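Following: one structure in structure tokens, then a few remarks.
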Ligand code: PMP
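In the UniProt record's numbering, the protein residues as written are 3 to 369.
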């Protein structure tokens, strides 16, 4: 008898994408292309790299000042004050802390179907009841259905914009209207892990609403700034929420290396990050076009990944396993309820080309 918290039984393990090292070894390959975890192949950027090196001089000390400095930089970038910002060890850690902050046993929580898996697990762990609201046929959120699913017990709605695994967004006005309509009754948590990849003019700007509505925004340095291994994420909220968050979170869960990297990214690497965004968006378009030529149905994506239906009803898990044995890792979508879809992270041109080459070989065999 382990005597674990009762709700642990309700949770399912988070299965991260395969690592390059594991695939290299398993299939005895010379090289592997990893397009399975929505990472940014170009990061970290120039000043972040230098800052990480510099940070090593100070890792014997707790990173108090660097917390303050990064929080101030984030606040300034968003037109907020430092009282509106708290940090976490990646958005994943922020999501977990947010659920601990708000959720009680018996609360109801709404998530989309499909969406990022972690919302469900962290909510269940707190003893909340999770209701999944299906997305529309074009994979955008069905806000009318969300509204209809709200009961007096609903405490929180987790939204991911753009959504993972689809890359879909709703129009900014639609999201803003939804928050205006429900944000007096329930907390809306908007996970903007991929929002920096949204095309100019299509992004909802929600920070002005933090004081008026029950709204929380979560972001990460893992994707746009290419710092997935440095583990830095943050929450934006009204000051009372932030002080409660600070009370329950571990004091120094972001390390000094990550803090240095994140601050340098924000303050000094914007130009480089912007150029890489354009490059990735161009590569996304080229990759989408090639997938369409191969018979895939590609969902319109506002992120750094592509959600696509395989041709001829091929199986997602079998196709991904076969690609992996040839050194290309992409994400199968069975667990999200899409047994014929795959999620492909946009990589470097050469990496995307290798995926297409392997797909062509595979399809010639099967189609
Ligand atoms: N939110 C979403 C929607 C994600 O896809 C991810 C990572 N895949 C995260 C949060 C967590 O990111 P991190 O912990 O690296 O910041």
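Glycine included, every Cβ here is placed at the ideal spot set by N, Cα and C. A quick note: this is a predicted structure, and the numbers were derived from the prediction, not measured.
List the residues that DSSP assigns as beta-bridge partners of residue i.
i	result
residue 346	308
residue 110	131, 156
residue 191	160, 218
residue 149	Paired residue(s): none; residue 149 is not in a bridge.
residue 88	237
residue 333	345
residue 299	311
residue 35	330
residue 115	136
Please work out which residues of its chain come closer than 8 angstroms, Cβ to Cβ, to residue i, disregarding the five sequence neighbours upstream and downstream, and give them in chain order.
i	result
residue 151	112, 133, 135
residue 304	164, 169, 170, 171, 196, 199, 200, 201, 204
residue 318	312, 334, 335, 336, 340, 341, 342, 343, 344
residue 178	206, 208, 211
residue 285	348, 349, 350, 351, 354
Once you ignore the five residues that flank residue i on each side, which residues in its own chain have a CB closer than 6 angstroms to its CB?
i	result
residue 270	49
residue 101	124, 125, 128
residue 328	360
residue 142	170, 172
residue 251	99
residue 145	180
residue 26	34
residue 156	110, 188
Can you tell me which of the options puts its alpha carbon nearest to the alpha carbon of residue i?
i	options	result
residue 302	267, 346, 331	346
residue 255	80, 99, 37, 4	99
residue 261	7, 45, 58, 338	58
residue 174	160, 158, 192, 159	192
residue 344	335, 352, 351, 350	335
residue 259	250, 342, 51	51
residue 225	212, 217, 307	307
residue 69	207, 248, 282	248
residue 280	188, 95, 348	348
residue 194	288, 92, 291, 131	92
residue 118	110, 94, 140	94
residue 330	28, 15, 14	28
residue 105	140, 22, 137, 190	190
residue 139	79, 130, 287, 116	116
residue 43	310, 356, 282, 291	282
residue 358	315, 290, 299	290
residue 240	228, 219, 227	219
Short of 7 angstroms in beta carbon distance, which residues of its chain neighbour residue i, apart from the five on each side in sequence? Order them along the chain.
i	result
residue 246	103
residue 82	209, 238
residue 274	47, 48
residue 74	84
residue 12	126
residue 300	290, 293, 294, 308, 310
residue 77	83, 84, 86, 87
residue 60	258
Legend entry - Segments assigned beta strand (DSSP E), at least 3 residues, entirely inside the region 265-295: The region 265-295 is shown to contain no whole beta strand (DSSP E) run of 3 or more residues.
Inset, instruction - Could you tell me whether the region 148-163 touches the region 177-196, using the rule of 3 or more Cβ pairs below 8 angstroms? - result: Yes, the region 148-163 touches the region 177-196.
Inset, instruction - Could you say if the region 88-96 and the region 228-241 meet the contact criterion of at least three C-beta pairs nearer than 8 angstroms? - result: In the pairwise beta carbon analysis, the region 88-96 is classified as touching the region 228-241: at least three pairs are separated by under 8 angstroms.
Inset, instruction - Report yes or no: do three or more beta-carbon pairs, one from the region 292-299 and one from the region 56-70, lie closer than 8 angstroms? - result: The region 292-299, when compared against the region 56-70, does not touch it at the 8 angstroms Cβ threshold.
Legend entry - Meets three-Cβ-pair contact criterion under 8 angstroms: the region 319-332 and the region 22-41: These segments touch.
Inset, instruction - Output the residues surrounding the ligand PLP, defined as those with a CB atom closer than 5 angstroms to any ligand heavy atom, in chain order. - result: Among the ligands in the structure shown, the ligand PLP does not appear; only the ligand PMP can be found there.
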